[in-house]
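Here the structure is laid out as structure tokens; the discussion comes afterwards.
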Amino acid sequence: DAKTTQPNSMESNEEEPVHLPCNHSTISGTDYIHWYRQLPSQGPEYVIHGLTSNVNNRMASLAIAEDRKSSTLILHRATLRDAAVYYCIRYDGSSNTGKLIFGQGTTLQVKP
Amino acid sequence: NAGVTQTPKFRILKIGQSMTLQCAQDMNHNYMYWYRQDPGMGLKLIYYSVGAGITDKGEVPNGYNVSRSTTEDFPLRLELAAPSQTSVYFCASSYLPLAGTYEQYFGPGTRLTVT
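Going down the list, the sequences are from chains A and B. If you're matching positions, the first sequence starts at 1 in my numbering and goes up one per residue. If you're matching positions, the second sequence starts at 1001 in my numbering and goes up one per residue.
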């Protein structure tokens, strides 16, 4: 049970911002929100994660709703290389196993 | 650093054959994981290990075995291959899963076909 809900697919134009939504309405207090992406024919790669506050790194920004029941991954200027499957994952911060539960993710298509 | 490496990249097996998928990491990570990914689906955890000599089942362990004799290596064994095991297999590793900094590093995958 992935416990997150994402749209199956989204489209974007190159060099425009992209907002990828994720619903996690049953999130618990120790759950972090992690995002990974999987480029075609590659293994997943870490993108960003957060608990309560909005987070920024060189790849993306993560906006977490005040009630923590949803979040949005923001790619500020999409490039063709950003075409991938994006996975939103609830990670139990109290876990000592590090297990990640992947859902089906959102397939992002970037048009030139 | 090579990161997480997997061999072979591709393999075709006949039903009933056995094989071992190799995974190695050079980042001195204690934690290692095996996932499978069926077409159009997300990854499912097969087995994981929190250190040398310690392994545990994930979501879909049936038909597979693992061992962890060293920190670096985490091989996955298929004893009697079945068509249902046709999939792409990913190995991953990580440091201690501290909540504030946790990140898994994935290998490039092994594409396995059982016919």
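Note that CB positions come from ideal geometry on N, CA and C, so glycine has one too.
Burial state of residue i, where buried means 16 or more other Cβ atoms lie within 10 Å
{"i": "B/His1029", "result": "buried"}
{"i": "A/Arg90", "result": "buried"}
{"i": "B/Met1032", "result": "buried"}
{"i": "B/Leu1098", "result": "exposed"}
{"i": "A/Ser94", "result": "exposed"}
{"i": "B/Pro1008", "result": "exposed"}
{"i": "B/Phe1090", "result": "buried"}
{"i": "B/Ser1201", "result": "Given a span of 1001 to 1115 for chain B in the structure shown, any question on residue 1201 of chain B remains unanswerable."}
{"i": "A/Gly50", "result": "buried"}
{"i": "B/Thr1070", "result": "exposed"}
{"i": "A/Asp31", "result": "buried"}
Cβ distance (whole Å) where residue i is taken to contact residue j below 8 Å
{"i": "B/Phe1074", "j": "B/Cys1023", "result": "5 Å"}
{"i": "A/Ser12", "j": "A/Val110", "result": "5 Å"}
{"i": "B/Leu1045", "j": "B/Tyr1064", "result": "Not confirmed; about 11 Å, so no contact."}
{"i": "B/Ala1092", "j": "B/Tyr1047", "result": "That pair is no contact at about 12 Å."}
{"i": "A/Pro7", "j": "A/Thr106", "result": "5 Å"}
{"i": "A/Tyr87", "j": "A/Pro17", "result": "Not a contact, Cβ separation roughly 20 Å."}
{"i": "A/Trp35", "j": "A/Leu75", "result": "Not really, about 10 Å apart at Cβ, beyond 8 Å."}
{"i": "A/Lys69", "j": "A/His24", "result": "6 Å"}
{"i": "A/Gln42", "j": "B/Met1041", "result": "Not a contact, Cβ separation roughly 16 Å."}
{"i": "A/Phe102", "j": "B/Leu1021", "result": "Contact doesn't hold; Cβ gap of about 19 Å is too wide."}
Three-state class that DSSP yields for residue i in the structure shown
{"i": "A/Arg68", "result": "coil"}
{"i": "B/Asp1073", "result": "strand"}
{"i": "A/Leu80", "result": "helix"}
{"i": "A/Gln38", "result": "strand"}
{"i": "B/Ser1084", "result": "helix"}
{"i": "B/Gln1022", "result": "strand"}
{"i": "A/Leu75", "result": "strand"}
{"i": "A/Ala60", "result": "coil"}
{"i": "B/Ser1094", "result": "strand"}
{"i": "B/Met1027", "result": "coil"}
{"i": "B/Gly1051", "result": "strand"}
{"i": "B/Lys1044", "result": "strand"}
{"i": "A/Phe102", "result": "coil"}
Beta-carbon spacing of residue i, residue j below 8 Å
{"i": "B/Pro1083", "j": "B/Val1114", "result": "yes"}
{"i": "B/Asp1026", "j": "B/Ala1002", "result": "yes"}
{"i": "A/Asn57", "j": "A/Ile64", "result": "no"}
{"i": "B/Leu1112", "j": "B/Ser1018", "result": "no"}
{"i": "B/Ser1094", "j": "B/Gln1085", "result": "no"}
{"i": "A/Thr79", "j": "A/Pro21", "result": "no"}
{"i": "A/Asp92", "j": "A/Leu108", "result": "no"}
{"i": "B/Ser1087", "j": "B/Gln1037", "result": "yes"}
Run of the beta strand (DSSP E) containing residue i, from where it starts to where it stops
{"i": "A/Glu11", "result": "Ser9 to Asn13"}
{"i": "B/Val1004", "result": "Val1004 to Thr1007"}
{"i": "A/Val110", "result": "Thr106 to Lys111"}
{"i": "A/Pro21", "result": "Val18 to Asn23"}
{"i": "A/Glu45", "result": "Glu45 to Gly50"}
{"i": "B/Asp1056", "result": "Ile1054 to Lys1057"}
{"i": "B/Phe1010", "result": "Phe1010 to Leu1013"}
{"i": "B/Leu1112", "result": "Thr1110 to Val1114"}
{"i": "B/Asn1065", "result": "Tyr1064 to Val1066"}
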